[in-house]
Amino acid sequence: MASIRPTAPVARPSKPDNERAKQEERNDFIDDTVLRRMQADLEQVSLSFQRGEMQAFGKQSKDIFKSLDVIRDMQERLVAQHISVELQPSSEARPTPENMGEFLTMQTEQERKLGVVLDNLGLLKSEMEKLQANFVNLE
Numbered sequence: 015m016a017s018i019r020p021t022a023p024v025a026r027p028s029k030p031d032n033e034r035a036k037q038e039e040r041n042d043f044i045d046d047t048v049l050r051r052m053q054a055d056l057e058q059v060s061l062s063f064q065r066g067e068m069q070a071f072g073k074q075s076k077d078i079f080k081s082l083d084v085i086r087d088m089q090e091r092l093v094a095q096h097i098s099v100e101l102q103p104s105s106e107a108r109p110t111p112e113n114m115g116e117f118l119t120m121q122t123e124q125e126r127k128l129g130v131v132l133d134n135l136g137l138l139k140s141e142m143e144k145l146q147a148n149f150v151n152l153e
């Protein structure tokens, strides 16, 4: 029968040692030379982009940005119109013979503004579909 001998406890690194090891591993992965080379490469890309040697969306980038500006302007107008509809006094009050004319006028105006919002939402959708159709396959 073999005797069982107690073994010496295995020393486990404490948390600070683990953290130090991870930090050293990171430092080995990205040293100063690599960082300087990466920074120089990024600066070169930035300069090429600024000189017009590179374009983010190829030859059509100007057209894409014009379309995006049109869409952004349409979105801003749509938001303002929507807020205008929301801020209009509510027509929750029941009409009475005394306020029927005012009630109908308010109701008609609210419906008109909502119609404009919906029409403009349709135009925005069309503009976005046109952008997608024209520029989905950039080459």
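Start counting the sequence shown at 15; every next residue gets the next number (the numbering used here). Just so you know, even glycine gets a beta-carbon here, dropped at the ideal spot from N, CA and C.
Three-state secondary structure (DSSP) at residue 113?
As a first step, residue 113 is located in the sequence shown; it is residue number 99 there, counting from the start. Looking at residue 113 - three-state DSSP - the assignment turns out to be coil, as it is neither helix nor strand.
CA-CA distance, residue 87 and residue 79?
On the sequence shown, position 73 is the one that residue 87 refers to. On the sequence shown, position 65 is the one that residue 79 refers to. Cα-Cα distance, rounded: 12 angstroms.
From residue 124 to residue 102, what distance separates their C-alpha atoms?
The sequence position of residue 124 within the sequence shown is 110, counting from 1. The sequence position of residue 102 within the sequence shown is 88, counting from 1. The straight-line gap from Cα to Cα measures roughly 7 angstroms.
Within a Cβ cutoff of 7 angstroms, which residues of the same chain sit near residue 89, ignoring the five residues on either side of it in sequence?
Mapped onto the sequence shown, residue 89 falls at position 75. These residues qualify, in order along the chain: 138.
Could you tell me the boundaries of the alpha helix (DSSP H) in which residue 85 lies?
By 1-based counting over the sequence shown, the position of residue 85 is 71. Its alpha helix (DSSP H) spans residues 75 to 101.
Go through its chain and collect everything with a Cβ distance to residue 128's Cβ below 6 angstroms, but skip five positions before and after it.
Residue mapping note: residue 128 aligns to position 114 of the sequence shown, counting from 1. Only 99 meet the Cβ criterion.
Just the Cα atoms here: how many angstroms apart are residue 109 and residue 117?
Reading the sequence shown from its first residue, position 95 is the one you call residue 109. Reading the sequence shown from its first residue, position 103 is the one you call residue 117. Using only the alpha carbons, I get a separation of about 6 angstroms.
For a quick check, are the C-beta atoms of residue 92 and residue 59 less than 8 angstroms apart?
Taking the sequence shown and counting its residues from 1, the one referred to as residue 92 is at position 78. Taking the sequence shown and counting its residues from 1, the one referred to as residue 59 is at position 45. Against a cut-off of 8 angstroms, the Cβ pair of residue 59 and residue 92 comes out as no contact.
When you compare only the Cα positions, how much space is there between residue 46 and residue 53?
By 1-based counting over the sequence shown, the position of residue 46 is 32. By 1-based counting over the sequence shown, the position of residue 53 is 39. If you take the alpha carbons of residue 46 and residue 53, they lie about 10 angstroms apart.
For the alpha helix (DSSP H) that residue 53 lies in, which residues bound it at each end?
Within the sequence shown, the letter at position 39 stands for residue 53. Segment 46 to 65, the alpha helix (DSSP H) holding residue 53.
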